[in-house]
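Numbering (our numbering), first residue to last: 1309 to 1580.
In this text, a Cβ means the ideal position worked out from N, Cα and C, and glycines have one as well.
Since this is a predicted model, take the numbers as computed values, not measurements.
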C-alpha cells in the first residue's frame, strides 16, 4: 500500500471514530422542509466530490454521511479530520435553495476545517484570517456555487440573519459560520454589495429603536457634558494664520459625529 493510501486510511479511521460527535445544530435548521436533505460538496483544489443524503425525517442526521462530509472538509495541510457542525451543512443547503440552484449543484468548499497550526500559519500572511476562527471548530466554510454571484450568496446570508457571513470579491467566495449573526469588511478594502449594506442599516435602525424604547431617555450630547463640567474653552495664544484656519476642524460637526457614534450599539470583534 502506498504512503498516500496509508495516509487516507488514517484519515478515514479518524473520521469513523468521530462519527457521532457533531455538535447539535441550531433550531433554525427547521426552516428546511421535512424532505430528505442532500448535498453535493466539491473541493476544487483536490478535485474530490462528495454527494450524500445527510438527513432523513425520523432518522435525523446520518452518521456515515456526516463522516464523508467531515473528510471532504478536512485540513488539507495536515489531513486532520473533525466533525462538521450539521447546522453549517444546513446553512449551505438553505443558501443553495434560496438562490434557486438545483440540488445537484456542487457547493465548492475552498476552506473547511483548519487545525490551529494551519490557521496560525495562514494568519501570518493573510490579514483576513482570524486568530480564533470558527474554521478551527468545524463551524465555518468558505464556498461558492457555479453561476451564482458571490454578492447574491452574501445577500441571502444577510437575509437569513443567523451566523457570520462575509463576501470576498477578490477570490469569488463567501464565508459563512454558525457563530452569532454578524458581518465584517474584508481587509482587502473591497466594497460590500448594496443589498448587504441595506440589510445592515435596517438592523442598526431596529437596534437603535429598541434601545431608545427600553431606556425612555434621550442621549446626553457630548457638548452638553462639556458645558456641565464648567470648563471654559482654551483661548489661543494668537490668531491663527490662513493655513491653520483651513486645517482646524469644525468642532460643532465633530461633536455631532461623536454623539452619533456614542448612540450606536457596541459591536464585538468578529470571529471568522
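query	result
Name the residue from 1453, 1484 and 1481 whose alpha carbon lies nearest to the alpha carbon of residue 1408.	1453
What would DSSP say about residue 1401, mapped onto helix, strand or coil?	helix
Near residue 1378, what residues of its chain come up, given a Cβ to Cβ distance below 6 Å and the 5 sequence neighbours on each side ignored?	1323, 1389, 1391 and 1392
Excluding sequence positions up to five away, which residues of its chain have a Cβ less than 7 Å from the Cβ of residue 1405?	none
Can you give the beta carbon distance from residue 1356 to residue 1380, rounded, assuming they're within the 8 Å contact cut?	6 Å
With residue 1468 as the anchor, note down where its alpha helix (DSSP H) starts and where it stops.	1458-1468
Quick check: the stretch 1353-1371 against the stretch 1432-1451, are at least 3 beta-carbon pairs closer than 8 Å?	no
Let me know the beta strand (DSSP E) ranges lying completely inside the stretch 1345-1371, each 3 residues or longer, listed in chain order.	1345-1351 and 1356-1364
For the beta strand (DSSP E) holding residue 1477, just list the boundary residues, first then last.	Per DSSP, residue 1477 belongs to no beta strand (DSSP E) and is neither H nor E.
Give the DSSP-derived three-state secondary structure of residue 1452 in the structure shown.	strand
Indicate whether residue 1447 and residue 1403 have their beta-carbon atoms separated by less than 8 Å.	no
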